[in-house]
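A.B. asks:
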Amino acid sequence: MLYGRRFTLCADHKPLLSILAPPKGIPVHTANRLQRWATLLIGYDFVLKYIQTERFGHADALSRLIAHKSTNHSSEDVVISSVEVDADVKYVFRESIRDLHVTSTMIRRATESDSVLQAVTYYVRTGRPKELCAVNKPYFQRRDALTVVDWYLMLADGTVISQIPRKRVIQMLHCAHLGITRMKALVGSYAYWRGIDSDIESTVKSCEQCARAAKVPVKAELHSWLLPDGPWKRVHADFAGPLNDQYFFILVDAFSKWLEIVPLRTISTTTTISCLSRIFAQFGFPETLVTDNGTQFTSAHFSQFCKSFAIEHVRSPPYHPQSNGQAERYVDTFKRALHKLEGEGKMCEILDTFLRTYRSTPNAVVPNGVSPAEVFLGRRMRTALVAMLPVKRAGQRNIKMERQFNQHHRAKAREFHTGDPVFVLKFQDHGCNWVPGTVTHRRGHVLYELTVHGKKETHHINHIRQRDPNICDKPEDVSELPLEILLDMFELPTHTTESNTEENVARENPIIGTRHSRRTRAPIKRLNVDPSKRSYE
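Counting from 1, one number per residue, gives the positions in the sequence shown under UniProt numbering.
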């Protein structure tokens with residue numbers, strides 16, 4: 001008998017010196033694969049010695065003469081494994097029983113009434129049977145770890161429990177509501193029976209307290225929104241705030257990432273609908289509007305608003321902002337921008353700066369990587385950075401419209417030069433006067449800069465006429481024409497402001513005597529519109 005004695009173990013396999021020698025260390029993965037060996041050999045005190053194969057003939061010969069079927073069921077190794085006088089084994093047994101709150105008397109009576117455990121106990125004490133039934137086969141596969149202590153069957157350090165006390169043992173193991181993995185790790189040192197793992201799993205899964213306090217399950221596979229085929233097809237909306245006693249209504253187009261932000265004092269249903277109506281009046285109604293479950297979006301009034309304009313309203317699931325992640329993301333972007341621009345102007349100025357910059361900046365998630373404005377508006381937004389580029393003046397004049405206008409009004413080409421004396425038509429509250437002036441320079445095809453009474457003014461050529469140089473450039477030498485005559489000359493609607501015209505005229509332009517126009521007025525010829533004519537003579 002080797003148990004309890006120090007002995008020398010000889011082997012002709014030299015790697016065993018490194019694997020089984022106590023002072024030696026082995027890699028972790030190798031140790032994990034040899035745990036069963038280590039468990040079996042830990043109870044023996046031995047020294048490993050290597051002998052060459054040619055000097056180890058007796059053991060080599062015996063290893064080659066093993067019979068195909070063993071006829072001796074009471075082999076020495078089985079008899080040794082059933083020693084009943086081990087004090088440490090009995091101690092482990094008593095501790096296992098005490099921790100399970102099950103008395104040894106209960107286990108013994110249950111074992112005696114269990115025919116399967118009685119047969120297994122008999123086989124362990126006397127030797128394995130010639131024939132194995134399906135019930136005893138699981139225990140036969142673990143025969144090397146089975147021992148009998150005071151007529152109690154044990155598997156390694158745990159007690160083999162019969163059918164009757166199993167439910168109580170499971171309840172005691174689950175008193176702290178441990179999970180499946182922890183219960184399996186705990187029960188291995190105390191108890192064993194056939195199907196114990198499945199019993200533990202069913203107990204944990206059927207526990208109501210464990211189910212209520214369970215962790216969130218593993219996230220399901222992501223199903224992203226379908227990409228729209230054009231701008232303003234699907235719009236995501238959400239509120240940000242309150243920030244500085246203000247809320248911000250944020251809308252983002254799912255295709256072009258065009259962003260609309262409207263500051264609001266309140267976020268009621270009426271305010272939300274009014275804001276959406278104003279935005280939809282500019283860009284049209286989207287096909288789909290995605291929001292969260294705020295009270296502004298769940299009211300019957302808002303539902304009727306969407307139905308009235310054929311808008312499909314989609315609400316994200318409660319407490320799952322990821323479903324409306326498009327809007328949530330831009331809420332975060334806007335908040336960060338406000339934090340960065342804090343103190344650089346009023347809130348309205350900061351908002352305009354952010355929107356102007358964001359809309360004109362290329363975005364990697366926008367189709368073709370262009371700016372949101374290029375996709376949504378079909379053109380690039382003009383910003384202050386354009387001033388660094390060369391000026392390009394392209395375009396053509398509308399010659400057809402110019403010809404029709406010139407023929408209808410019998411217009412003639414006129415021009416003035418720098419220093420030419422002219423009269424300029426000055427419009428005032430009580431009427432209009434021809435005021436003398438001098439041409440300073442030409443600012444365009446029809447615009448001239450004049451010096452009138454010492455001040456520089458810009459006037460259209462239709463309000464300028466030639467002046468004789470002999471006419472003095474003084475206000476008192478300028479005649480005043482009635483407003484009705486001048487408006488008739490330029491075909492303008494007659495409208496005068498009711499005021500004390502006599503006092504204004506006497507104060508601003510004093511005139512000696514009353515002058516009347518000597519112009520012969522022809523009767524007004526009204527234009528009769530005829531769509532079939534191309535022009536009118």
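By construction, the Cβ of each residue, glycine as well, lies at the ideal position given by its N, Cα and C atoms.
Report, in whole angstroms, the separation of the C-beta atoms of P372 and R359, which I expect to be a contact under 8 angstroms.
C.D. replies: If you number the sequence shown from 1, residue 372 lands on position 372. If you number the sequence shown from 1, residue 359 lands on position 359. At roughly 5 angstroms, the Cβ-Cβ gap stays under 8 angstroms, so P372 and R359 are in contact.
A.B. asks: Considering only C-alpha positions, which residue in the set L146, V235 and F239 is nearest to S268?
C.D. replies: For the purposes of this step, residue 268 is taken as the residue at position 268 of the sequence shown. Of L146, V235 and F239, the residue nearest in Cα terms is F239.
A.B. asks: Straight-line CA distance for V529 to S535?
C.D. replies: Reading the sequence shown from its first residue, position 529 is the one you call residue 529. Reading the sequence shown from its first residue, position 535 is the one you call residue 535. Approximately 10 angstroms between the Cα atoms of the pair.
A.B. asks: Locate the alpha helix (DSSP H) running through E349, then write down its first and last residues.
C.D. replies: In the sequence shown, residue 349 corresponds to position 349, counting from 1. Residues M347 to S360.
A.B. asks: List the endpoints of the continuous beta strand (DSSP E) containing A11.
C.D. replies: Start at 1 with the first residue of the sequence shown, and residue 11 comes out as number 11. A11 -> beta strand (DSSP E) spans R6 to A11.
A.B. asks: Hey, how far is the Cα of Q296 from the Cα of F248?
C.D. replies: Residue 296 sits at position 296 when you count from the first residue of the sequence shown. Residue 248 sits at position 248 when you count from the first residue of the sequence shown. Going from the Cα of Q296 to the Cα of F248 covers about 14 angstroms.
A.B. asks: Distance check for F255 and V366, CA to CA, integer angstroms please.
C.D. replies: In the sequence shown, the residue the question calls residue 366 occupies position 366. In the sequence shown, the residue the question calls residue 255 occupies position 255. Their Cα atoms are separated by approximately 7 angstroms.
A.B. asks: So N406 is in the beta strand (DSSP E); what residue range does that whole segment cover?
C.D. replies: Taking the sequence shown and counting its residues from 1, the one referred to as residue 406 is at position 406. Not the beta strand (DSSP E): N406 falls in the alpha helix (DSSP H), residues I399 to H409.
A.B. asks: Measuring alpha carbon to alpha carbon, tell me which residue in N470, V439 and T105 is nearest D420.
C.D. replies: As a working note, residue 420 is residue 420 in the sequence shown. Checked all of N470, V439 and T105; the closest Cα to D420 is V439.
A.B. asks: Run through DSSP, which three-state label would G369 get?
C.D. replies: Within the sequence shown, the letter at position 369 stands for residue 369. If DSSP states are grouped into helix, strand and coil, G369 belongs with the helices.
A.B. asks: Give me the Cβ distance between F305 and I273, rounded to the nearest whole Å; I'm assuming they're in contact under 8 angstroms.
C.D. replies: Here residue 305 refers to the residue found at position 305 of the sequence shown. Here residue 273 refers to the residue found at position 273 of the sequence shown. About 5 angstroms; that satisfies the 8 angstroms criterion.
A.B. asks: Which residue wins for smallest C-alpha separation from R55, given the options S18, A11 and L48?
C.D. replies: The count along the sequence shown starts at 1 and reaches residue 55 at position 55. It is A11 whose Cα lies nearest to the Cα of R55.
A.B. asks: When you compare only the Cα positions, how much space is there between A110 and A185?
C.D. replies: One-based indexing of the sequence shown puts residue 110 at position 110. One-based indexing of the sequence shown puts residue 185 at position 185. If you take the alpha carbons of A110 and A185, they lie about 25 angstroms apart.
A.B. asks: So, helix, strand or coil for V218, using DSSP?
C.D. replies: Within the sequence shown, numbered from 1, the residue matching residue 218 stands at position 218. Here V218 sits in coil by DSSP.
A.B. asks: Looking at the unbroken alpha helix (DSSP H) that takes in M172, where does it start and where does it end?
C.D. replies: Indexing the sequence shown from 1 puts residue 172 at position 172. Start and end: R166 to L173.
A.B. asks: Cutting at 6 angstroms between CB atoms, please list the residues of its own chain near G354, excluding the five before and the five after it.
C.D. replies: Start at 1 with the first residue of the sequence shown, and residue 354 comes out as number 354. Checking the sequence, you will find Phe at residue 354 rather than Gly. Once the five neighbours on either side are set aside, the close Cβ partners of F354 are A337.
A.B. asks: Look at the alpha carbon of Y448 and the alpha carbon of R467, and state the distance between them as a whole number of angstroms.
C.D. replies: What you label residue 448 is simply residue 448 of the sequence shown in a count that begins at 1. What you label residue 467 is simply residue 467 of the sequence shown in a count that begins at 1. In a straight line, the C-alpha of Y448 is about 15 angstroms away from that of R467.
A.B. asks: Whole angstroms are fine: how far does the CA of K49 sit from the CA of L17?
C.D. replies: Position 17 of the sequence shown, counted from the start, is the residue given in the question as residue 17. Position 49 of the sequence shown, counted from the start, is the residue given in the question as residue 49. Distance between the alpha carbons of L17 and K49: 7 angstroms.
A.B. asks: What's the gap between the Cα of L222 and the Cα of K137?
C.D. replies: Stepping through the sequence shown from its first residue, residue 222 is reached at position 222. Stepping through the sequence shown from its first residue, residue 137 is reached at position 137. Cα to Cα, L222 sits roughly 47 angstroms from K137.
A.B. asks: Look at the Cβ atom of E201, then the Cβ atom of I180, and state whether they are nearer than 7 angstroms.
C.D. replies: As a position in the sequence shown, residue 201 is number 201, starting the count at 1. As a position in the sequence shown, residue 180 is number 180, starting the count at 1. Their beta carbons are under 7 angstroms apart, which means E201 touches I180 by this criterion.
A.B. asks: Check each candidate in H177, K167 and M172 and name the one with the smallest Cα separation from G195.
C.D. replies: For the purposes of this step, residue 195 is taken as residue 195 along the sequence shown, with counting starting at 1. The shortest C-alpha separation from G195 is found at K167.
A.B. asks: Tell whether a beta-carbon distance below 7 angstroms holds between residue 572 and F376.
C.D. replies: The requested residue 572 is not part of the displayed model; the chain covers only 1 to 537.
A.B. asks: Helix, strand or coil: how does DSSP classify W37 here?
C.D. replies: Numbered from 1 along the sequence shown, position 37 holds the residue referred to as residue 37. It is helical.
A.B. asks: For A281 and M381, I'd like the C-alpha separation in whole angstroms.
C.D. replies: Locating residue 281 in the sequence shown gives position 281, where the first residue counts as 1. Locating residue 381 in the sequence shown gives position 381, where the first residue counts as 1. Those two C-alpha atoms are separated by around 21 angstroms.
A.B. asks: Can you list, in chain order, the residues of its chain whose CB lies under 6 angstroms from that of F7, leaving out five sequence neighbours each side?
C.D. replies: In the sequence shown, counting from the first residue as 1, residue 7 sits at position 7. Same-chain partners within the cutoff: F46.
A.B. asks: Does DSSP put S535 in a helix, in a strand, or in coil?
C.D. replies: Position 535 of the sequence shown holds residue 535. S535: coil per DSSP, three-state reduction.
A.B. asks: Determine, using beta carbons only, whether V235 and L289 come nearer to each other than 7 angstroms.
C.D. replies: Numbered from 1 along the sequence shown, position 235 holds the residue referred to as residue 235. Numbered from 1 along the sequence shown, position 289 holds the residue referred to as residue 289. Yes, Cβ-Cβ distance for V235 and L289 is below 7 angstroms.
A.B. asks: Would you tell me roughly how many angstroms separate the C-alpha atoms of I19 and G325, rounded to the nearest one?
C.D. replies: Along the sequence shown, one-based indexing puts residue 19 at 19. Along the sequence shown, one-based indexing puts residue 325 at 325. Rounded to whole angstroms, I19 to G325 spans 57 angstroms at the Cα level.
A.B. asks: Just tell me which of P390, H177, K456 and V252 has its CA closest to the CA of Q209.
C.D. replies: Here residue 209 corresponds to residue number 209 of the sequence shown, with the count starting at 1. That would be H177, whose Cα lies nearest to the Cα of Q209.
A.B. asks: Considering only residues of the same chain and omitting the five flanking positions on each side of P286, which have a CB-CB separation below 7 angstroms?
C.D. replies: For the purposes of this step, residue 286 is taken as residue 286 along the sequence shown, with counting starting at 1. W232, K233, R234, V235 and I311.
A.B. asks: DSSP on A240, reduced to helix/strand/coil?
C.D. replies: Stepping through the sequence shown from its first residue, residue 240 is reached at position 240. A240: strand per DSSP, three-state reduction.
A.B. asks: What residue does the alpha helix (DSSP H) around Q304 start on, and which one ends it?
C.D. replies: The residue labelled residue 304 in the question sits at position 304 within the sequence shown. Element bounds for Q304: A300 to S308.
A.B. asks: Hey, out of I164, V446, R442 and R519, whose CA is closest to S115's CA?
C.D. replies: The residue labelled residue 115 in the question sits at position 115 within the sequence shown. With distances taken between Cα atoms, S115 lies closest to I164.
A.B. asks: Determine the contact status of H441 and T418, defining contact as a CB-CB distance below 7 angstroms.
C.D. replies: As a working mapping, residue 441 is identified with position 441 in the sequence shown. As a working mapping, residue 418 is identified with position 418 in the sequence shown. Yes, the pair counts as a contact, with Cβ atoms nearer than the cut-off.
A.B. asks: Does the Cβ of Y44 have 16 or more other Cβ atoms within 10 Å, making it buried, or fewer, making it exposed?
C.D. replies: Residue numbering aside, residue 44 sits at position 44 when the sequence shown is read from its first letter. Exposed, since its Cβ has fewer than 16 Cβ neighbours within 10 Å.
A.B. asks: May I have the straight-line CA-CA distance separating L9 from S206, to the nearest angstrom?
C.D. replies: As a working mapping, residue 9 is identified with position 9 in the sequence shown. As a working mapping, residue 206 is identified with position 206 in the sequence shown. For L9 and S206, the distance between alpha carbons rounds to 51 angstroms.
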